[in-house]
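Notes follow once the structure below has been shown.
Protein chains: 4
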Amino acid sequence: MPRLLVLTMSCPDGIGIVASVTRFLADHGGWIVEANYHADEKDKWFFMRQAILADSFHLSVDEFGDRFIPIADQFGISWKLSDTRHKKRLVLCVSKQDHCLSDLFHRWKSPDAGFDIVAVLSNHEDLRSFVEWHEVPFVCIPVGPGVNDPAFEEMARLYGRFGGEGMILARYMRILPPWFCERFDGQIINIHHSFLPSFVGARPYHQAYERGVKLIGATCHYVTGDLDAGPIIEQDVIRVDHGDSPEGMARLGRDIERIVLARGVQYHVEDRVLIHGNKTIVFR
Amino acid sequence: MPRLLVLTMSCPDGIGIVASVTRFLADHGGWIVEANYHADEKDKWFFMRQAILADSFHLSVDEFGDRFIPIADQFGISWKLSDTRHKKRLVLCVSKQDHCLSDLFHRWKSPDAGFDIVAVLSNHEDLRSFVEWHEVPFVCIPVGPGVNDPAFEEMARLYGRFGGEGMILARYMRILPPWFCERFDGQIINIHHSFLPSFVGARPYHQAYERGVKLIGATCHYVTGDLDAGPIIEQDVIRVDHGDSPEGMARLGRDIERIVLARGVQYHVEDRVLIHGNKTIVFR
Amino acid sequence: MPRLLVLTMSCPDGIGIVASVTRFLADHGGWIVEANYHADEKDKWFFMRQAILADSFHLSVDEFGDRFIPIADQFGISWKLSDTRHKKRLVLCVSKQDHCLSDLFHRWKSPDAGFDIVAVLSNHEDLRSFVEWHEVPFVCIPVGPGVNDPAFEEMARLYGRFGGEGMILARYMRILPPWFCERFDGQIINIHHSFLPSFVGARPYHQAYERGVKLIGATCHYVTGDLDAGPIIEQDVIRVDHGDSPEGMARLGRDIERIVLARGVQYHVEDRVLIHGNKTIVFR
Amino acid sequence: MPRLLVLTMSCPDGIGIVASVTRFLADHGGWIVEANYHADEKDKWFFMRQAILADSFHLSVDEFGDRFIPIADQFGISWKLSDTRHKKRLVLCVSKQDHCLSDLFHRWKSPDAGFDIVAVLSNHEDLRSFVEWHEVPFVCIPVGPGVNDPAFEEMARLYGRFGGEGMILARYMRILPPWFCERFDGQIINIHHSFLPSFVGARPYHQAYERGVKLIGATCHYVTGDLDAGPIIEQDVIRVDHGDSPEGMARLGRDIERIVLARGVQYHVEDRVLIHGNKTIVFR
């Protein structure tokens, strides 16, 4: 895995954007190894991701910022430049179930993971030994019944203290308060155990069983103040039939949950996801 | 395809049902080529389907009815016996789109279709020539805006006159009145162009686009008085992404719609679907 | 569907290609609505597809050719520019089965089809009436047992006479001679009823049944002199189990065959497929 | 999860088998909660699986053996009766990769796992600490280059000593000698990282990359003396495209490998798999 600089950007659509930006990259030696574009026809908005071999590029991340200003101003570009040498620092939130947690820990060990797990927060003690065996800080923050429990202040504080660059709700079973969702807008990723927008809220496998659906699913999405209604990053489904109880669906569903969450996290840490209103552009 | 007798039944669950029924079948020479069972644990209800080689069985359908009474009474069995020599008589209802219609016509020509298309009803004239080229009666019944338009009376009358044993809404774009759904309960099959219960009602692909889902689907279900809420027979999905417009989704979705409807119809005409409350058991 | 100019190109990979080409397009007013790139890391080769709003572009297709020469020469670019106003002229080859044929005829009627069916060639008479009902010329060319039967000369001649820009083997059950494959290299698309490279050659569903696979598939590929070994455009699979006979697999497989072929044809006529050695880049 | 007795059996097909067996079960109080049947039409062979509530049944496993003899003799039945209270004792074989291993360890902790991991054998030391942390014996048995290396004798001996009732090759990268495969026929399960019969042998992802397939897969199968040619239990696939390198395919493939292996193991330990020649009947 060579070191890459990843440029993501968006701006009002128009003529000459790609030409100007790629000319700028080429003029500074940038060898592009991956490029994606999307033009939203309805909103006339343009999105781009460029992955550049870091060794080929003559500018540092700081110099890039200075030199790119004229082009950014000309087209009204919002942009971000990431360096894959820096792994994103993730804080995981869990409750009692460990299938998503253990899956993410397993992927973390892969050399191409693109992220570090810097802490695990939980409202229960159950998963402490597993986490601490991996030499990752585990903090138990019990949460009272109210939506504005002070525990959430503590979670926010810890997220900052650990230098979190992403909070992954890996089957964390509490609803975050609106102020929390707003403060970390675009940083919190949840896995919901249904094919949204079906079966919002509690016990989706029981809802699926009651409705008699023939496929169950999982949805990875950014968390907003609207419960289970934030921008969707990834979804997948698995077949069930009349013989599957809610518990059987939950067992089958765990495989989909962890894969869908893992994909969503991977897209996020590789800067492949751009949020546009309540939707995402995912450059795979 | 050998001629089969298909026995479907349900009753309160208990001990000895399978033994008694299969002993009865064996005692009359019945060679079973396919058998399916399901016990609903929650409701303690039992469901069964047995496919018997017709040539091996010593009883006619009428004789079966007489002789089976003691067993049916003992266990409280509701049952049905079908003969695959008789192809189910289907009435199709369409509006302007022809992808499901032409798909069903194509499958009808296959020797293992299990159904005959005896008439096509439509609220528009558009598909007349296609249907009549296949030498099938086409009746245009314009429907006014009200839910109790007398046109529905005419549809019910025609369904009876054509000896319909199943009404397939192959993208028929009108909502049937409650009395109609009740009268033909368990006989009307609809294809809805979303993965229900998501995106009930009109323009589901536009709803899917607005929500930013990453998979779109189709649902084949029995029609009840609750819009898009009847027992689901079959569902499937296809992947979409940020580049797909509502129109693009509609184009991709057509492939799923016709396959899901075709599967649902096939299960229905082969007596593989048993309705249990608002759910189905599908013995594939 | 607005009229588009579609530029596809490939060249040795390097710095500044995208900048130069997109600058050229922008300088002539080109509004890009879709763009795809791929760099083959192993072969250091670069591939690009740009879809430009025709109304925005100041050059005709001929003028483009003249003006683009310096850039093409600088980077060693092979390129092609298509105008979506011109629908690709397809010649279909069939034998006795009609599921792929009727599917392509159905899609042809859609306004976004991107192709015209200009003739159907067959080694049997069976499908004549279906084709002629659609007012498309049907030519029956019986083929003797030898691989160098003169019938293939006649097929090549007719393909030229009908102005064919693509030959679709929609379950044509004869092997084309090597000289034929070479002469129309990159123009002949076949649907093979297995998940290649499994089950090359005759009766793949019987081979699949004998091997006891749990999924069956279909493969759409360009035809070369090596039987079923040409560049793959698209594949998909469907689940089967121990209860499915070879005939049952064939029935299930027909749904996959026609979808996979339809996708492959659509990608081809929209110039989304670039051939690179024995592989394809498919810009979806 | 209630305790179940699981009866699996096969015999020449005929009339009255189900009636006799289910009458026998009913006469001893057996409450059947799951039943599956399959008749192989070609070989005229019959297969059955019955899951009986243990609490309802009046016979012990030993008594069953005595009393069932007359029926078994009458129809020529081969049968097996398992008690879910006894968890199958699995021995895992691994090399250096841990994704399948860690997945199986995770599933083992679930209350419905149906198996115990009693030992892990490896030709490398790499995974010792992970295994021993779970308090499972880890034995490193280096294997020389020859197919008849004495190390395999040691593996066979250890498998017996640990009371193995199933040997799972969870990415064990050595080929077992024929005598080993024969001795433990029907007990050894392998995960092969391709959609068999494509890409037998070494480096299947590289083979897939070279061939340019659009889907990659994994296959769980019983091991026989023929490399990668034993009876297939389960398969699945995942989509790839021209942008995926062999290494990228390997990364994507790991998710499919571990799910397919986990399903195969689950089916095996729940006695859902019956081997018939070189194929399996899988009663899901």
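Protein chains in written order, with my numbering: chain A, 171 to 454; chain B, 171 to 454; chain C, 171 to 454; chain D, 171 to 454.
Just so it is clear, CB atoms sit at the ideal spot from N, CA and C, and this is done for glycine as well.
A quick note: this is a predicted structure, and the numbers were derived from the prediction, not measured.
- Val-383 (chain C) counts as buried, since no fewer than 16 other beta carbons sit within 10 angstroms of its beta carbon.
- At a cut-off of 7 Å between beta-carbon atoms, Val-439 (chain C) makes no contact with chain D.
- For Leu-195 (chain D), same chain residues with a beta-carbon under 7 Å away, outside a window of 5 residues either side, are Ile-202, Gln-220 and Ile-222 in chain order.
- Looking at the DSSP output, Arg-341 (chain D) bridges to nothing.
- Under the three-state reduction of DSSP output, Val-410 (chain A) falls in the coil class, being neither helix nor strand.
- By alpha-carbon distance to Met-325 (chain A), the top candidate from A:Glu-305, A:Ile-358 and A:Trp-303 is A:Ile-358.
- The three-state reading of DSSP puts Pro-182 (chain A) in strand, counting E and B together.
- Contact annotation: in the stretch 375-390 of chain A, residues whose CB is within less than 7 Å of a CB in chain B are Arg-381, Gly-382, Val-383, Lys-384 and Leu-385.
- Residue-level contact check: Lys-449 (chain C) touches chain D, since one or more beta carbons of chain D fall below 7 Å from its beta carbon.
- Between Met-179 (chain D) and Ser-248 (chain D) the beta-carbon gap is near 6 Å, inside 8 Å, which marks them as a contact.
- Against chain C, the CB of Gly-284 (chain A) has no partner CB under 7 Å away; the residue lies outside that interface.
- Using beta-carbon distances, Ile-358 (chain C) does not count as an interface residue toward chain B, since no partner is under 7 Å.
- Within chain C, not a single residue places a beta-carbon under 8 Å from that of Gly-413 (chain A); the smallest gap is close to 14 Å.
- Close CB contacts of His-198 (chain A) within its chain, under the 7 Å cut and outside five residues either way in sequence, are with Phe-227, His-228 and Leu-229 (chain order).
- Listed in chain order, the positions of the stretch 182-203 of chain D with a beta carbon within less than 9 Å of a beta carbon of chain B are Asp-183, Gly-184, Ile-185, Gly-186, Ile-187, Val-188, Ala-189, Ser-190, Val-191, Thr-192, Arg-193, Phe-194, Leu-195, Ala-196, Asp-197, Gly-199, Gly-200, Trp-201, Ile-202 and Val-203.
- At least one C-beta of chain B is nearer than 7 Å to the C-beta of Ala-209 (chain D).
- If you ignore the 5 residues before and after Ser-190 (chain D), its C-beta comes within less than 6 Å of the C-beta of Ile-241, all in its own chain and listed in chain order.
- Listed by position along chain B, the residues whose Cβ is nearer than 7 Å to that of Asp-425 (chain C) are Ile-429.
- DSSP, reduced to helix, strand and coil, places His-362 (chain A) within a strand of the structure shown.
- Gly-336 (chain D) is a Cβ neighbour of Leu-260 (chain D), given a cutoff of 7 Å.
- With respect to the C-alpha of Arg-381 (chain C), the residue from C:Glu-404, C:Asp-411 and C:Ala-205 having the closest C-alpha is C:Asp-411.
- For the beta strand (DSSP E) assignment, the uninterrupted runs of no fewer than 3 residues enclosed by the stretch 215-297 of chain D are, from N- to C-terminal side, 215-223, 248-253, 258-264 and 285-292.
- Measuring C-alpha to C-alpha distances from Phe-275 (chain B) to each of B:Leu-251, B:Trp-303, B:Ser-252 and B:Gly-400 identifies B:Trp-303 as the nearest.
- Under the 7 Å criterion on CB atoms, Ile-408 (chain D) is classed as non-interfacial with respect to chain C.
- At a cut-off of 7 Å between beta-carbon atoms, Ile-445 (chain D) makes no contact with chain C.
- The beta carbon of Ala-321 (chain A) sits closer than 6 Å to the beta carbons of Ile-311 and Val-313 from its chain, once the five residues preceding and following it are set aside; these are given in chain order.
- Across the structure, Val-407 (chain A) and Ile-386 (chain A) are spaced so that their CA atoms are roughly 5 Å apart.
- Within the same chain, Phe-285, Glu-335, Gly-336 and Val-439 come within 6 Å of Lys-258 (chain D) by CB-CB distance, once the 5 residues on both sides are set aside.
- One thing to note: Ala-388 (chain B) has its Cβ no nearer than 7 Å to the Cβ of Val-452 (chain B).
- Contact check between the stretch 358-372 of chain A and the stretch 389-402 of chain A: three or more CB pairs, one atom from each, fall below 8 Å, which counts as touching.
- Within chain A, not a single residue places a beta-carbon under 8 Å from that of Trp-215 (chain D); the smallest gap is close to 25 Å.
- A Cβ-Cβ distance of about 7 Å is found for the pair Val-188 (chain B) and Ala-205 (chain D), placing them in contact under the 8 Å criterion.
- Judged by beta-carbon spacing, Val-306 (chain A) lies within the 7 Å limit of Val-290 (chain A), meaning their Cβ atoms are closer than that value.
- In this chain, the beta strand (DSSP E) harbouring Ala-205 (chain D) covers 202-210.
- DSSP places Thr-389 (chain A) in the strand class (E or B) of the three-state scheme.
- Check the Cα spacing between Gly-418 (chain C) and each of C:Pro-374, C:Asp-213 and C:Glu-323: the tightest is with C:Pro-374.
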